[in-house]
Each structure stands twice: as C-alpha cells, then as structure tokens.
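What the sequence shown shows, in our numbering, is residues 515 to 809, in sequence order. Reviewing the structure listed below.
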Amino acid sequence: MGKRCCYQVGGHRLAICFLDEQNDESLLPSFAPFRIEETTGVALTVTVDDTFLMQRSDDEVGQFDCGGCNHGVYQCADGCFQFEVSDLGGQLCSTMQANADFSQCVVALHASAPHQRSYGLNNAMMMAYAFCFATQQTLLVHASVIRKDGVGYLMIAPSGTGKSTHTRMWFDTLPGCDLMNDDNPVVRILDGRPIVYGSPWSGKTPCYRNVQAPVGAFVRIQQRPENHIERLSSVGAYAMLMPAMSSMKWDRRVYVGVSDTVIGLVSLVGVYELGCLPNADAARVCYDAVAVQHS
Numbered sequence: 515m516g517k518r519c520c521y522q523v524g525g526h527r528l529a530i531c532f533l534d535e536q537n538d539e540s541l542l543p544s545f546a547p548f549r550i551e552e553t554t555g556v557a558l559t560v561t562v563d564d565t566f567l568m569q570r571s572d573d574e575v576g577q578f579d580c581g582g583c584n585h586g587v588y589q590c591a592d593g594c595f596q597f598e599v600s601d602l603g604g605q606l607c608s609t610m611q612a613n614a615d616f617s618q619c620v621v622a623l624h625a626s627a628p629h630q631r632s633y634g635l636n637n638a639m640m641m642a643y644a645f646c647f648a649t650q651q652t653l654l655v656h657a658s659v660i661r662k663d664g665v666g667y668l669m670i671a672p673s674g675t676g677k678s679t680h681t682r683m684w685f686d687t688l689p690g691c692d693l694m695n696d697d698n699p700v701v702r703i704l705d706g707r708p709i710v711y712g713s714p715w716s717g718k719t720p721c722y723r724n725v726q727a728p729v730g731a732f733v734r735i736q737q738r739p740e741n742h743i744e745r746l747s748s749v750g751a752y753a754m755l756m757p758a759m760s761s762m763k764w765d766r767r768v769y770v771g772v773s774d775t776v777i778g779l780v781s782l783v784g785v786y787e788l789g790c791l792p793n794a795d796a797a798r799v800c801y802d803a804v805a806v807q808h809s
C-alpha cells in the first residue's frame, strides 16, 4: 500500500513513503532532480501519514528558525523529537515525530491548501535531513553558493542583507560562473576535502540542482560604504560559521556533530569577511582574494 520514492541528496540516500493517494511526490517538485531508482543504502526514511496523531505531553524545548518561520520543538521521555511546522501566517502545516537519531520520521500534513501541505512536508524533510546526517560530517548551510571554474564559493549573511545580490554580481561580472543553490546547499567533508552540493531547498530562488563542487571559500557579506575583504582567524571563522548551520542546541548528538564538522572546515578552507557595496567591483575584490588558494 502506498508509494515509496527514493532520492540522493548530498551523496546521502533517503526515502519518502506516501501511505495514501492524497499525498505523493507532486508535493515536493524541488526533489525531482534528486530522484533515484535504487532503493538500497537508504539512511533516512520519512513516512507521510496524515492519520498520525502526535501525542505531545512534554514542554517545548525550543524553536527552530526556518526562513523566518519558527517551528516548535519538543522532546519526549524516550529521546524522540516532535516538531510543529507553521507558516508565516501561523497556520499549522505539518507535525513530525523523529526517533533519537532521525533515521525514522513520520510526518502528518494538516493544512488543506496544496501550497501549505507542500510547505509543511518540505520543511519537515529539511529538518529531518539536517539532523539525521549531522554526525556524518554533513551540514545544511544557510548560504548562497556560486560556482566559478568548477569551484564553489559560499556567501553567508542574514536574510535580506545581500548574499543573493552578491552572487548575482559574480554571475553578471565574472566569466565561468553558475548558481548552485541560493539558500540551503549541503556541505560535506569527504576524504579530507570539503564538497558543496546543490539541494532541494533554495529559499525564494528556484535553484534545485543536483550538482557538486569543491569548496573554495566561505564569505560573510556585510553592507559597507566601500569594498574590503579580509580572512578571519580560526576562532573568528568558527564563530561566523556556526550560526549559519542548521543545528539543534537541544540535542548533544546533533550539536556536537555540527560543531566538529565546522572545526574541520575551518582547518581546510578559508573563511572571509567582505564589507561591500552592491556593485561589480565587490565581486572582483572578493574573487581576487578568495581564489588565491586555487590559482
């Protein structure tokens, strides 16, 4: 009964099981480029079951900020986690329950409007992925990533402060560029090398590409009256990168996994701070600095 769909995101395999005809993969169009036929090696299984009732009796342990929407997080006595996913209007779109290591999750969709059902499932999938693979040197990063000459550069900044504008400047100014993802790429350390991947989550920009590249640098974007870039110290780099990662401070397994991977990244790749104007010269100043290690 139902339908099982398998996907590969950032090199990790996951499955979504739809138990009835009301829900299917059409709720997740951004996942289509990541669809695979192979069903072995699945490390994360999410079951979509609208009849599932979350029996929440524990206090809220925190709020997960997801693009301006805060999702309630609850932990049960047996170690499992429960989530309430609401949209910007406060409408409850979905609930999710995950086992302690997030390898098995069940999601119930509550909204009637198709776009709210898609939103509820998409956000549940994003959290399940980030927390399941946090201990496998895998990060979901709030960043816009531009690829130039086969190398990926991740621009980090709070929403609305210019990271997408800056990657657009790269695309418009520098030859050999393409946008890999505009909001939530996956970064992994594989065999001692940091790799960035496109993902099914890209914020307001529909950029869902099944592509990958070695990481060239991380750059924090700040609006300034002139263009200036400098490389951060290891301590400064760690402090800058941690808030950009999807994590849960309420769960030691997830938080330590994310922290350890960030420490590894800091030792492997340059992390910079760019004060800039929204102009073409900012793209040139940034690229000239961060591309040195790949020349």
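Glycine is no exception: its CB is placed at the ideal position from the N, C-alpha and C atoms.
Quiz item: Do you know whose CA, among Y722, A796, D615, lies nearest F545's CA?
Solution: Y722
Self-check item: Which of helix, strand or coil DSSP assigns to T561
Solution: strand
Quiz item: What does DSSP give as the partner residues of F578 in its beta bridges?
Solution: H585
Self-check item: Residue from C519, Y801, G555, S600 with nearest C-alpha to E539
Solution: C519
Practice problem: Tell me whether G634 sits in a helix, a strand or coil according to DSSP, three-state version. | Solution: helix
Exercise. Go ahead and pull the three-state DSSP assignment for L755.
Key: helix
Quiz prompt | Expected contact under 8 angstroms - CB spacing of D697 and C646 to nearest Å | solution = Between C646 and D697 the Cβ distance is about 20 angstroms, and since that is not below 8 angstroms, they are no contact.
Quiz prompt | Beta-carbon proximity list for Q726, same chain, < 7 angstroms, skipping 5 on both sides | solution = Here Q726 has I709, V710, Y711 as same chain residues with Cβ atoms under 7 angstroms from its own Cβ, once five neighbours each way along the sequence are excluded.
Quiz item: In the structure shown, what three-state DSSP assignment does R798 receive?
Solution: Helix, per DSSP.
Quiz item: Are T561 and V523 closer than 8 angstroms when you measure CB to CB?
Solution: no
Quiz prompt | For M683, the first and last residue of its enclosing alpha helix (DSSP H) | solution = 677 to 687
Quiz item: If you count every other CB in all the chains shown that lies within 10 Å of the CB of Q577, and 16 or more means buried, which is it?
Solution: exposed
Quiz prompt | Run of the beta strand (DSSP E) containing S673, from where it starts to where it stops | solution = S673 -> no beta strand (DSSP E), and no H or E assigned at all.
Practice problem: Using alpha carbons as the reference points, say which of G604, A612, M641, M639 lies closest to A625. | Solution: G604
Quiz item: Any idea what DSSP makes of G784, helix, strand or coil?
Solution: strand
Practice problem: Would you be able to state if there are at least three C-beta pairs under 8 angstroms between the segment 665 to 676 and the segment 725 to 744? | Solution: yes
Quiz item: Going by DSSP, which residues form a beta bridge with C531?
Solution: Paired residue(s): R518, T561.
Quiz item: Counting along the chain, where does the beta strand (DSSP E) carrying L810 start and finish?
Solution: Summary: the structure shown does not reach residue 810, with the chain confined to residues 515 through 809, and so no result is reported for it.
Practice problem: Along the beta strand (DSSP E) that carries Y711, what are the first and last residues, could you check? | Solution: 707 to 711
Quiz item: By a C-beta neighbour count over all protein chains shown, 10 Å radius and 16 as the cutoff for buried, is G690 buried or exposed?
Solution: exposed
Quiz item: Around the Cβ of R738, are there at least 16 other Cβ atoms within 10 angstroms (buried) or fewer (exposed)?
Solution: exposed
Exercise. State whether the segment 789 to 800 contacts the segment 675 to 689, with contact taken as three or more CB pairs (one from each stretch) at a distance under 8 angstroms.
Key: Contact holds: three or more Cβ-Cβ distances are below 8 angstroms.
Quiz item: S713: buried (16+ other C-beta within 10 angstroms of its C-beta) or exposed?
Solution: buried
Self-check item: Reduced DSSP secondary structure (H/G/I, E/B, other) of A805
Solution: coil
Quiz item: Is it true that the segment 771 to 783 meets the segment 745 to 753, where meeting means three or more beta-carbon pairs spaced less than 8 angstroms apart?
Solution: yes
Quiz item: Along the chain, which unbroken stretches of the beta strand (DSSP E) at least 3 residues long are found entirely within the segment 591 to 659?
Solution: 595 to 600, 606 to 612, 618 to 623, 652 to 654
Quiz prompt | Whole-angstrom distance between G676 and Y786, CA atom to CA atom | solution = 15 angstroms
Quiz item: Taking the beta strand (DSSP E) that E744 falls in, what are its first and last residues?
Solution: Run containing E744: 742 to 745, per the beta strand (DSSP E) assignment.
Self-check item: Local Cβ density within 10 Å of H629, reported as buried at 16 or more and exposed below that
Solution: The Cβ neighbour count for H629, taken over all protein chains shown within 10 Å, is under 16; the residue is labelled exposed.
Self-check item: M641 versus L791: straight-line alpha-carbon distance, rounded
Solution: Distance from the CA atom of M641 to the CA atom of L791, rounded to whole angstroms, is 34 angstroms.
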